[in-house]
Every structure is written in C-alpha cells, then in structure tokens.
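Colleague:
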Amino acid sequence: MHWNAAAVTDTGRRRPGNEDAYLLRPEVGLFAVADGMGGHAAGEVASGMAVEALEREWLETAAGPARSAEAAQRALLGGVQAANREILSRAAAESEKAGMGTTLTALALLPAEPHALIAHVGDSRAYRFLRLGDARPSKLTQLTSDHTWVQEQVQAGILTPAQARRHPYSSLLTRALGIEPEVEVDQLRIDIAPGDLFLLCSDGLTGMIEDRELLPFLERDRPLEERARQLVDEANLRGGPDNVTVLLIRVTADSG
Ligand code: CA
Numbered sequence: 007m008h009w010n011a012a013a014v015t016d017t018g019r020r021r022p023g024n025e026d027a028y029l030l031r032p033e034v035g036l037f038a039v040a041d042g043m044g045g046h047a048a049g050e051v052a053s054g055m056a057v058e059a060l061e062r063e064w065l066e067t068a069a070g071p072a073r074s075a076e077a078a079q080r081a082l083l084g085g086v087q088a089a090n091r092e093i094l095s096r097a098a099a100e101s102e103k104a105g106m107g108t109t110l111t112a113l114a115l116l117p118a119e120p121h122a123l124i125a126h127v128g129d130s131r132a133y134r135f136l137r138l139g140d141a142r143p144s145k146l147t148q149l150t151s152d153h154t155w156v157q158e159q160v161q162a163g164i165l166t167p168a169q170a171r172r173h174p175y176s177s178l179l180t181r182a183l184g185i186e187p188e189v190e191v192d193q194l195r196i197d198i199a200p201g202d203l204f205l206l207c208s209d210g211l212t213g214m215i216e217d218r219e220l221l222p223f224l225e226r227d228r229p230l231e232e233r234a235r236q237l238v239d240e241a242n243l244r245g246g247p248d249n250v251t252v253l254l255i256r257v258t259a260d261s262g
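For the sequence shown, the working numbering gives the first residue as 7, with consecutive numbering after it.
Here it is, written out as structure tokens:
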C-alpha cells in the first residue's frame, strides 16, 4: 500500500493567530490535526505539543515496515496519552497556560497491511471519500464522532443535526487533551483500498461547510494540495471565523 498527502492550514479571517497544528509525515504513514484552545496563545502551545508527542511516540515505538496493526494501534494510543499528560503537566506548571487543551485526530497507514488506524479526541474530524465511478454518486463518510455537547444532544434525539450546527454551544467540547490525567480515546481500524481519499480537518472547515458541500471539492481532478487549498479558501469566503486546517491523504496501489 502506498499513499500521498497534502496539508493546508490558515488563520482564517477573524482570529489573531492560528491555534491549529498538523502533522504530515507520509514517509512514516502518520497524519494528524489538532485544534488548540486556551488564552494567551496557549492553544497554539497545546496543539503543537500534541502533534509533537504523537510523532515522537510513533517514531520511537512503531518505526519499521514490519510492525503489526496491533503494535501500531498501541503506539498511536500511547502517543495520544503521552500528549495528554504532557499538556496537563505544562498547564499545571505555567500559570498563563492553565486550562489549555486541544483536540487530536490522528490517522496512521501501514505499508504492509491494508488498514488505516484512527485515534480521536475532540471535534476535529476524519472522513473517507469514495469515488464510485461516473455512473454512481460519490460518498463521503464521517469516520469520527464529535466529542461535543451538541453531538450528545443529537444522539439523545433532543437536537437535529441542523439545530446542532447553529447552536450557540456548538463548539463546547465534552472531551479534549489536557483536561484530565487520563483521556478516553476513540480508536478505529478501517480496511482500505487504493483510491480511498481521507480528509482530516479542524472544525474551522466543517463549521462553515456541510458534508454534502464538501463533495465537489473532493471530487475535483486536481492535485491534493490544490483541493485542500480550495477547501480552505471556501471556508474563508464564507467568513473564515475560525482557524482552518485540511489534510488530504490518498491511498494508491503504487508509489507513483
Ligand atoms: Ca477550531
């Protein structure tokens, strides 16, 4: 299994800084997006620490093409837990960083096995886009579930997805890194095939563009970098109220 990937991040139109961070390491099959929160630029510190810890743990414990899916899954989980502990202890040690936290959605691809592994906390998202040929409609599937208060209300049947999108508490997280000593991490293992296109993004994208509106951007027969840039531009055209980060990862049969 091979892949190629691209990432674009942008401050947006209204925020003073970019508190999103991402990891794009196609050579070791690791990709992630993190969306930080906290005053005095602490969100930027938290999201940066999250992707650094994840990368470090992955390289230390899961390096080598012969790793099994089980070993890789443990490494991914270990990276998220390490990131959580490190953010929490730094927030405790530096008073201006108290309360900082971050989302983290990570995707790992294994060269020897046809699986994608996902580890996820917060409201950044992973999607899979499938182009089923000219005669059938393309399909976009959200793989992760948002850890937000409004998503809980949707699951309980109290809010509709449309109400959740417009709700004043739409970005209130129920889970994030840097809040508790142990964090519950959603883990997924997905069978993959050449042609699969994965999208990782922060809520600066999905807060502005609904899933069905993402399809035409993903369908375009353009380089990944260009498609990612067009998605970011579209979020900015719609007001750009938040930082926005887009990663696109395409699985291919060969390295070409
Ligand atoms: Ca955000």
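Cβ atoms here follow ideal geometry from the backbone N, Cα and C, with glycine treated the same way.
#1: Can the beta-carbon of isoleucine 124 be found less than 8 Å from the beta-carbon of alanine 118?
#2: Of the residues Arg226, Ile164 and Arg134, which one's Cα is nearest the Cα of aspartate 140?
#3: By the 10 Å Cβ neighbour count, where 16 or more other Cβ atoms means buried, how is threonine 147 classified, buried or exposed?
#4: Can you tell me whether asparagine 249 sits near ligand 1, meaning its C-beta is under 7 Å from at least one heavy atom of the ligand?
#5: Can you list the alpha helix (DSSP H) stretches of 4 or more residues lying completely in the segment 64-111, in chain order?
#6: Indicate the three-state DSSP secondary structure (helix, strand or coil) for threonine 212 in the structure shown.
#7: Could you give the DSSP three-state label for methionine 43: helix, strand or coil?
#8: Tell me the rounded alpha-carbon separation between glycine 42 and glycine 23.
#9: How would you label serine 101, buried or exposed, when you count the other beta carbons within 10 angstroms and need 16 or more for buried?
#10: Can you name the start and end residues of the alpha helix (DSSP H) that valine 160 belongs to?
#11: Relative to the C-alpha of alanine 13, which candidate in Arg21, Ala27 and Arg19 has its C-alpha closest?
#12: Could you confirm whether any beta carbon from chain D is found closer than 8 Å to the beta carbon of serine 176?
#13: Give me the Cβ distance between alanine 48 and lysine 103, rounded to the nearest whole Å; I'm assuming they're in contact under 8 Å.
#14: For threonine 17 and glycine 84, what's the separation of their Cα atoms in angstroms?
#15: Which one of Thr67, His8 and Ser130 has the shortest CA to CA distance from glutamine 79?
#16: How long is the line joining the alpha carbons of tryptophan 155 and serine 176, rounded to whole angstroms?
#17: Below 8 Å between beta carbons: does that hold for valine 238 and tryptophan 9?
#18: For glycine 210 and valine 160, which I take to be in contact (beta-carbon distance under 8 Å), what is that distance rounded to the nearest angstrom?
#19: Near leucine 65, which residues of its chain fall below 8 Å by C-beta distance, leaving aside the five closest residues on each side in sequence?
#20: Between glycine 246 and the rest of its own chain, which residues show a CB-CB distance below 7 Å, the 5 nearest in sequence each way excluded?
#21: Report back the beta-carbon spacing between aspartate 192 and histidine 121 to the nearest angstrom; my notes put them in contact at under 8 Å.
#22: In angstroms, rounded to a whole number, what distance separates the CA positions of methionine 46 and glycine 107?
#23: Here's a check: name, in chain order, each residue in its chain whose Cβ is nearer than 7 Å to the Cβ of histidine 153, leaving out the five neighbours to either side.
#24: How many angstroms separate the CA atom of alanine 112 from the CA atom of isoleucine 198?
#25: Given 7 Å as the limit, tell me if serine 176 has its C-beta closer than that to any heavy atom belonging to ligand 1.
#26: When the distance is taken between beta carbons, is serine 151 closer than 8 Å to valine 39?
Modeller: In short:
#1: no
#2: Arg226
#3: exposed
#4: yes
#5: 75-99
#6: helix
#7: strand
#8: 11 Å
#9: exposed
#10: 155-161
#11: Ala27
#12: Within the model displayed, chain D is absent; a lone protein chain is all it includes.
#13: 4 Å
#14: 30 Å
#15: Thr67
#16: 7 Å
#17: no
#18: Incorrect: roughly 20 Å between the Cβ atoms, too far for contact.
#19: Val34
#20: Gly18, Arg19 and Arg20
#21: So it is not a contact: roughly 16 Å between Cβ atoms.
#22: Residue identity check: residue 46 is histidine in the sequence provided, not methionine. Using only the alpha carbons, I get a separation of about 13 Å.
#23: Val127, Gly128, Asp129, Leu179, Thr180 and Arg181
#24: 16 Å
#25: no
#26: no
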